[in-house]
Amino acid sequence: MLLDIIKNRVSPVIFDKKELTEEQITTLLEAARWAPSCYNEQPWRFFVIKGDKDIRQKVMNTLFGTNPIMVANAPLLLVTVAKRKLDMTGEVNAYSWHDVGLAMGQLGLQATSMGLVLHQMGGFDHARVKDILKLDENLDVISVTAIGYKGQEADIHESLLAKAAKPRSRRALDEIVTYL
Ligand SMILES: Cc1cc2nc3c(=O)[nH]c(=O)nc-3n(C[C@H](O)[C@H](O)[C@H](O)COP(=O)(O)O)c2cc1C
């Protein structure tokens, strides 16, 4: 059942250094690409940071708190970007971030189904990443996501042990749903 994959997806605090294949990466991006979007504008843009060590280090340097330690081993960083204005009218697209989130949701489930893991991060300096990637005004940086294989529990950095031990939880349905 798809719900099993949804519940099994987890944001790990340790990655393995194992590389992803080109085919795996393409499959993940395909899952994202087929997401629905407002007016089918497909406002998502993806920057795959894998081979360019200089860019990778620059982006790593923008991460806040324990994020750089957490994703240090991850073989791939994906920067998600949203096109701010609609191609159709030039107006601001009120759903651009929503739609990028949908695409990332699909990518996350595809990754889980392939035995891969990802950790999305909003904790980074957005302006610096925008600068590093030389993005114009019409493009918003949304997240930096580490993707790869889950690492060994024994290798978890001490600053992340408490986070790793915390049980995953969600609000109960009756807290978030209103039936009318
Ligand atoms: C947009 C977004 C930003 C996030 N930013 C961070 C972050 O900066 N650092 C971090 O450790 N986790 C980050 N997370 C991961 C969440 O904390 C995590 O998804 C949540 O605790 C639920 O855990 P789960 O993904 O294992 O179910 C982010 C998740 C999303 C979707």
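With the first letter of the sequence shown counted as 1, position 58 gets the number 59 in my numbering; the numbers rise by one all the way through.
Cβ atoms here follow ideal geometry from the backbone N, Cα and C, with glycine treated the same way.
Exercise for the section: Please specify which runs of the alpha helix (DSSP H), each continuous and at least 4 residues long, are wholly inside the stretch 24-91, giving them in chain order. Expected result: 54-61 and 68-71
Handout entry: Check: residue 68 C-beta below 7 Å from any heavy atom of ligand 1
Key = yes
Handout entry: Close beta carbons around residue 66, own chain, < 8 Å, minus the five adjacent residues each side
Key = 124
Practice task
Would you check whether ligand 1 has a heavy atom nearer than 7 Å to the C-beta of residue 149?
Solution key: no
Exercise for the section: Evaluate residue 116 with the Cβ neighbour count: other Cβ atoms within 10 Å of its Cβ, from every protein chain shown; 16 or more gives buried, anything less gives exposed. Expected result: exposed
Exercise for the section: Provide the residue span of the beta strand (DSSP E) that contains residue 121, from first to last. Expected result: 118-122
Practice task
Indicate whether at least one CB of chain C lies closer than 8 Å to the CB of residue 58.
Solution key: Among the chains in the structure shown there is no chain C, since it carries only a single protein chain.
Problem - Nearest candidate by alpha-carbon position, reference residue 153, set 57, 118, 122 and 107 - result: 118
Exercise for the section: Enumerate in chain order the residues of its own chain whose CB-to-CB distance from residue 186 is below 7 Å, with the five nearest sequence positions on each side excluded. Expected result: The structure shown does not extend to residue 186, since the chain is modelled only from 2 to 181, so the question has no answer here.
Exercise for the section: Write down the C-beta distance between residue 149 and residue 21 rounded to the nearest angstrom, noting that I regard them as a contact closer than 8 Å. Expected result: 6 Å
Practice task
Tell me whether residue 109 sits in a helix, a strand or coil according to DSSP, three-state version.
Solution key: helix
Handout entry: residue 14, enclosing alpha helix (DSSP H) - first and last residue
Key = Careful: residue 14 lies outside any alpha helix (DSSP H) and carries neither H nor E.
Practice task
With a threshold of 7 Å, establish whether the CB of residue 158 neighbours any heavy atom of ligand 1.
Solution key: no
Practice task
Answer yes or no: do residue 122 and residue 64 have a C-beta to C-beta separation smaller than 8 Å?
Solution key: yes
Exercise for the section: Determine the contact status of residue 162 and residue 70, defining contact as a CB-CB distance below 8 Å. Expected result: no
Handout entry: Three CB pairs or more closer than 8 Å across the stretch 87-106 and the stretch 50-58
Key = no
Exercise for the section: State the Cα-Cα distance for the pair residue 97 and residue 85, rounded to the nearest angstrom. Expected result: 6 Å
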